[in-house]
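Below is one structure; the comments refer to it alone.
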Amino acid sequence: MAASSKPGSPRPPPSSSSSMAQDLFNNFSFSKTLKLKTKQQELLIRVTVLTLIYILAFITRLFSVLRYESMIHEFDPYFNYRTTLYLTKNGFAEFWNWFDSESWYPLGRIIGGTLYPGLMLTAAALYWVLRFLRFAVHIREVCVLTAPFFASNTTLVAYFFGKEIWDSGAGIVAAALIAICPGYISRSVAGSYDNEGVAIFALLLTFYLFVKAVNTGSLAWALASAFGYFYMVSAWGGYVFIINLVPLYVLVLLVTGRYSLRLYVAYNCMYVVGMLLAMQIRFVGFQHVQSGEHMAAMGVFFLLQVFFFLDWVRHLLSDAKLFEAFLRITVTGAVSVGAIALGVGTASGYISPWTGRFYSLLDPTYAKDHIPIIASVSEHQPTAWSSFMFDFHILLILFPAGLYFCFKRLSDATIFIVMYGLTSMYFAGVMVRLILVATPAVCLISAIAVSATVKNLTRLVRSQSQAVQSGSSKGASTAKSSSKGVIDNSQPFQRNGAILLLLGAFYLLTRYAIHCTWVTSEAYSSPSIVLAARGAHGNRVIFDDYREAYFWLRQNTPPDAKVMSWWDYGYQITAMGNRTVIVDNNTWNNTHIATVGRAMSSYEDEAYEIMRSLDVDYVLVVFGGVTGYSSDDINKFLWMVRIGGGVFPVIKEPDYLVNGEYRVDKGAAPKMLNCLMYKLSYYRFGELTTEYGKPPGFDRARGVEIGNKDIKLEYLEEAFTTQNWIVRIYKVKPPKNRW
Amino acid sequence: MLRFALTLLLFTLAFGVLSSSPVFSDLILAKVDRRIDLTSQIVRITTSLKVENAGSNPISEILLSFPENQAKHLAYLTATLNEGKGKGKASSGAGLPTEVVIPKDVPDSLTFYSLSLPKGLGKGESLLLDVLAVFTHALEPFPEKISQADIQLLLFQDTAHFLSPYKVMVQSLAVKLPEARVESYTKLEGTKLSGSELKYGPFHNIPPFSYLPIIIHFENNQPFAVAEELVREIEISHWGNVQVTEHYNLFHGGAKSKGEFSRLDYQARPYVRGASAFRRLVARLPPRAHSVYYRDEIGNISTSSLWGDSKKTELEIEPRYPLFGGWRTAFTIGYGLPLRDFLFESDGKRFLNFSFGSPINELVIDTLIVKVVLPEGSKDISASVPFPVKQWQETKFSHLDLVGRPVVVLEKNNVVPEHNEHFQVYYKFNSLSMLREPLMLIFGFFFLFVACIVYMHADLSISKSSASYLAKVQWEEVQATVQQIHNIISHCLTAHDKLEASLRDLSRTGDVQACKATRKSVDSLLKGVSKDLKPLVTFLQSSPQAAHILPKVEELIAKERDLQERLMAKHTTVVDCYEKKLGGREIENRIASNQQKITSLRQEVDDLMDFIDEI
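Protein sequence lines correspond, in order, to chains S and D.
Residues 4 to 742 (the numbering used here) are what the first sequence spells out, left to right.
Residues 50 to 664 (the numbering used here) are what the second sequence spells out, left to right.
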């Protein structure tokens, strides 16, 4: 809250001097002597505010640590944690060459070649530095606090970026806004040890350095931006956004006639060095020269050379007509050469076409029709208006206002932020998780709006008060002078209006701060491994079933046991249960996932064959029927059917539906009632009374009585069920003796 | 069962031979009472002996013997002299269990412990001796695998006769069972089962080495919590805390569970369908334990509760899941204790006095490792433990350590609650070393800030002659100059304010002389100031960098001068008027035109000042 009320404070407080003016002369001169050091004062206030923002950004993300404990959240972070652990234990070379046989059984996974190592290396580096400084911290604590730490650093980058685009006031406001913006907090609370945590920092840093390079034309800044890009590439797949936005920006500058040598230096250096550096990441490899997604950057690179060449030729040729002809020939030639190269590259397969993920960004409906595995993830759904409001709050209104200010004072830098804002806003609309990418842009543009408005208003208030001040200082010694009346009459009500608007802005920013804190504490600080609910007496009930099950697996199954579950739980099982899984959250092999989906949606005997062929020892399902936990496997089941059916046509979605309706009660489809997933979820559930006044076998997650209460298992047996039945583990029986 | 029969056969063979062997010594056990406690997984055999010396030579050594199958499970053995009413621990201190292999006539299958008496037992004298022997893993589950609903049945085998190298006159045996339910037991003459107690004997005149096997098959659903390994780390901080961290690696040592585990059955009737499982453990921590935590490798375990009073702190912990036979779990308990309760000083040495075993009730520990982490810089370290342990030293690195903390490691196998005795670790430590770590931090921050200051003030540019560097330097000079001008002008403005103030004083007091004096001083001050301004303006004029701000600065100076003159004029007018004793209205009229100009000029100067300030 302190931060959001800051916008006005960097400048010497105007209201105080106005009240002082009413006072005696001594006081007045005192404020004058203070004003002598305005510069230092301002610097002091600015540094203090930034420090406070830095701390605020960190501590506002600690809700989950205080409420629960210092633990890793959700799904992907567990993989990151596991790899970081491996890295710190075995060193970089081992990590880079790690073949992980615990996941994707029997295929395995080459970890070093299939991950973005930036996050792990960052955490490990922090860990090593702390160790070197003789702080005996545990790597888990480092991992848990990496995201908040980088969020704090992001506020600093936002400050400098804002300063570069507009002025230091906007920078401070931007830092304050981004420090508590829910859109960013959702991916950077303590424990959310995911790539995005450091990637947003890297993204903003790269953009800032690039804009700085464009503004100064300095090779050093361009080089720094290339390294920022390298860090971004090493941390997150979202780097594709940079490598497309930057050339787009360059193109816009070219078209709008803002081409300059500064731009030429900045882009060439950043692109060439950045590309070479990015190739060092094994997962990215030669994609910069081979994949369709990166071709725009290369095209713009060549275009820039042509532009430069033309500029040079124009400089040599004094004749305008001659140049015109030359221009025509060169441009036609360059474009056709480029088109041919692209065509040949694509046709020969040297340049790979766009991937499905990329397509689904451009066309929101693409994934739904073609790639069910992408569509099945809830964070890949198109964004609802409410979540925009939830994540941005007043920034959503300030964003257009900021765009207005940007257009009013158009410069290379503001063009960049406008383009960044508009494109990322579009992507945020396509996919929920990309709100994250839009957040820095929205914060910066809104900060411009806030800063410009507040600055204008305070100037108004101040100039008025100064006029009043000198007038009244005179009026104090003598009788009423006419001068005061003249100035006041010239701008009636303006001062009051300005004060009113300032109060309004202050109120809005306060609301924003309250909203952000509330969202952070209520919505984004739950680890999702531990579930909390309110008990009947208002007390907090904790469901720690996931860890119960994973720890059971870890302790009470053979070390080489293979566990089959839906891919969501793969990372957690390997990290916490320390057991081999068939599929996990790195969804690189669709067929393998489809096989698991097929097993889950087949009858038990068919599923047994599949499980035997995959060497499965245990099957793990998540079931929320007892507790009313809705994101369980039965609710995800249709996606298993779809993904399984996408590869194995034996599985047909209509078999599991009744009149296009998905149900689990008596009216459910017979195939549904007897498929493996249904059986494993509801095994012996029919004997359990879950709610008073309801028949036994009442599923609280779906609010119906289940249709098949008499489930017999022939090839599997219940091995373990957690206290609240959320995780159920079954053991696959060995094949029967033939004699 | 087959194995049993074999051992029994061996024994009978052995003793058949032995019975004819010569009498060991002249000792006679006049009366022997044995009580076997089978109520938990730990078997405790208490034997009270009345020893008589029938021979002529004084005897200072008594032998206790155990068959091999018991000896390997023997965890703890203590003998106490029972001297009438007063119980004095005599022999257990002096006659620590010493393994003695008796030459020649004794079969390998027996293990002997000799107790040395404090003073020899003379002819015809007798003494009373209480012997406590504690065994672990002595109960064998039978059947070895049970399903969830089954109860756990155990086999216990022992001899009904007291196995001893001496002759026993009268002996009785009582076995205490946990529950009334006994599946079967060896029936001998005079065997009585009353409630949960089983009585054998009394037997008379038993020859040396007589062995009468008995087997009891009974129900026991007590928790069979066995810690495969327990690492206790006791870390001493001289800032007032002893931090204890205990890493348990636990399993259920009873009958292995087979078949499926049904949560439904377990939930509905946990004491029937899951009778053999245990779900909670109770640890009794020392009083004033604080910051207790209970976690495992993957995080905090939320199912625990803590009570405390002045005598003890009781921690009830529930593993993540109920433990059935053969299931394992692992967890860590940590707590802090006040240092003054455990650390003492004697002869210039400090010593830690701490209990050896685990605070958890009725826990069997296969391997116990106790690590005492002493503060960095401790010297002359030695440990004293009341029983034999393996001992070595390590180094541990913790916060802000440079050479590491010395760690005393004690290792012991087969530990039972009876081992919860205090042990001591002696060391020397200089209190001044306590200040090392805070000082390290202070200096760390100090150097950080110094580095920052140096960085802020040092000129780190590589090329001192490049155009941009020179321009930067020049610009800085210009800025400094402008700042100086700004300062001077604000001095002037303060002087103006002084003039105005003197005018107001005049209107109040009418003291013309004072007012004149003020004007004089201000006048001279302003004159001096304008001299100072000249070189600065000249510098600005000569500097190309200042080209764009020069007009503003010049304007400012001109305006200020104007303002100054007008103020002076006004001042003169007012003072003159006062001297002429003109009325207030008149004065106002005279200065009215000037006043308006002054106000607007002042406004303009202020604006210009702001502008220059922002450069």
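Even glycine gets a Cβ: it sits at the ideal position worked out from N, Cα and C.
The model shown is predicted, which means the values in this text are computed figures rather than measured ones.
Name, please, each residue of chain D whose Cβ falls closer than 7 Å to the Cβ of residue i.
{"i": "Trp-728 (chain S)", "result": "Arg-312"}
{"i": "Leu-691 (chain S)", "result": "Leu-313"}
{"i": "Asn-559 (chain S)", "result": "Trp-376, Arg-377"}
{"i": "Ala-722 (chain S)", "result": "Glu-309, Phe-310"}
{"i": "Ile-545 (chain S)", "result": "Ser-351"}
Give the DSSP bridge partners of residue i, in chain order.
{"i": "Glu-443 (chain D)", "result": "D:Val-456"}
{"i": "Leu-392 (chain D)", "result": "D:Leu-401"}
{"i": "Glu-189 (chain D)", "result": "D:Leu-204"}
{"i": "Leu-247 (chain D)", "result": "D:Val-224, D:Leu-242"}
{"i": "Phe-102 (chain S)", "result": "S:Ile-113"}
{"i": "Asn-290 (chain D)", "result": "D:Ser-286, D:Pro-387"}
{"i": "His-318 (chain S)", "result": "According to DSSP, His-318 (chain S) bridges with nothing at all."}
{"i": "Lys-734 (chain S)", "result": "S:Tyr-621, S:Glu-720"}
{"i": "Tyr-343 (chain D)", "result": "D:Ile-382"}
{"i": "Phe-115 (chain D)", "result": "D:Thr-160"}
{"i": "Val-544 (chain S)", "result": "S:Ala-536"}
{"i": "Thr-95 (chain D)", "result": "D:Arg-84, D:Leu-181"}
For residue i, count the other beta carbons within 10 Å of its own beta carbon; 16 or more makes it buried, fewer makes it exposed. Which is it?
{"i": "Ser-476 (chain S)", "result": "Residue confidence for Ser-476 (chain S) is low, a pLDDT of 43 falling below 50, so the modelled location carries little weight; the figure read from the coordinates is stated next. Buried."}
{"i": "Ala-202 (chain S)", "result": "buried"}
{"i": "His-297 (chain S)", "result": "buried"}
{"i": "Tyr-574 (chain S)", "result": "buried"}
{"i": "Pro-600 (chain D)", "result": "exposed"}
{"i": "Asp-157 (chain D)", "result": "exposed"}
{"i": "Cys-146 (chain S)", "result": "buried"}
{"i": "Glu-443 (chain D)", "result": "exposed"}
Run through chain S and tell me which residues come within less than 7 Å of residue i, C-beta to C-beta.
{"i": "Asn-118 (chain D)", "result": "In chain order: nothing, as chain S lies at least about 30 Å away."}
{"i": "Asp-345 (chain D)", "result": "Phe-554"}
{"i": "Asn-349 (chain D)", "result": "Glu-72"}
{"i": "Phe-446 (chain D)", "result": "Ala-139"}
What in chain S is Cβ-close to residue i, meaning under 8 Å?
{"i": "Leu-449 (chain D)", "result": "Arg-137, Phe-138"}
Please list, in chain order, the chain D residues whose beta carbon lies closer than 9 Å to that of residue i.
{"i": "Trp-555 (chain S)", "result": "Arg-369, Tyr-370, Trp-376, Thr-378"}
{"i": "Asp-636 (chain S)", "result": "Those within 9 Å of Asp-636 (chain S) in chain D number zero; the least Cβ separation is about 17 Å."}
Using a Cβ-Cβ distance under 9 Å, would residue i count as near chain B?
{"i": "Thr-352 (chain D)", "result": "In the displayed structure, chain B is absent; the protein chains listed are S and D."}
State the CB to CB distance for the pair residue i and residue j, rounded to an integer number of angstroms; the pair is presumed to be in contact (CB under 8 Å).
{"i": "Ser-529 (chain S)", "j": "Ser-191 (chain S)", "result": "Actually they do not touch by this definition, with Cβ atoms about 15 Å apart."}
{"i": "Pro-251 (chain D)", "j": "Ser-221 (chain D)", "result": "4 Å"}
{"i": "Ile-85 (chain D)", "j": "Ile-91 (chain D)", "result": "Rounded, the Cβ-Cβ distance is 11 Å, inconsistent with contact."}
{"i": "Val-100 (chain D)", "j": "Leu-78 (chain D)", "result": "6 Å"}
{"i": "Val-287 (chain S)", "j": "Ala-281 (chain S)", "result": "5 Å"}
{"i": "Leu-264 (chain S)", "j": "Gly-302 (chain S)", "result": "Incorrect: roughly 21 Å between the Cβ atoms, too far for contact."}
{"i": "Tyr-718 (chain S)", "j": "Asp-608 (chain S)", "result": "7 Å"}
Query raised in the report: Per the contact definition of three or more C-beta pairs closer than 8 Å, is the stretch 667–674 of chain S in contact with the stretch 698–714 of chain S?
Result: yes
Report task. Indicate whether the contact test is met: 3 or more Cβ pairs, each with one atom in the stretch 349–360 of chain D and one in the stretch 310–317 of chain D, closer than 8 Å. Result -> no
Query raised in the report: On the three-pair Cβ rule with 8 Å, is the stretch 278–293 of chain D touching the stretch 216–232 of chain D?
Result: no
Report task. Could you tell me whether the stretch 258–272 of chain S touches the stretch 323–340 of chain S, using the rule of 3 or more Cβ pairs below 8 Å? Result -> no
Report task. Flag this pair as touching only if the stretch 627–645 of chain S and the stretch 374–384 of chain S have three or more C-beta atom pairs under 8 Å; answer yes or no. Result -> yes
Query raised in the report: Quick one: any contact between the stretch 46–64 of chain S and the stretch 97–105 of chain S, if contact means 3 or more CB pairs under 8 Å?
Result: no
**Report entry** Cβ pair count under 8 Å reaching 3, the stretch 524–543 of chain S against the stretch 413–425 of chain S
**Finding:** no
Report task. Would you check if there are 3 or more beta carbon pairs closer than 8 Å linking the stretch 363–378 of chain D to the stretch 327–335 of chain D? Result -> yes
**Report entry** the stretch 140–157 of chain S touching the stretch 42–60 of chain S, judged by at least three CB pairs closer than 8 Å
**Finding:** Using a Cβ-Cβ distance cut-off of 8 Å, the stretch 140–157 of chain S and the stretch 42–60 of chain S are in contact, since at least three pairs of beta carbons, one from each stretch, lie closer than that value.
Query raised in the report: Is the stretch 200–217 of chain S close to the stretch 153–162 of chain S, with three or more CB pairs under 8 Å?
Result: yes
Requested in this report: Could you tell me whether the stretch 225–234 of chain S touches the stretch 208–217 of chain S, using the rule of 3 or more Cβ pairs below 8 Å?
Outcome: yes
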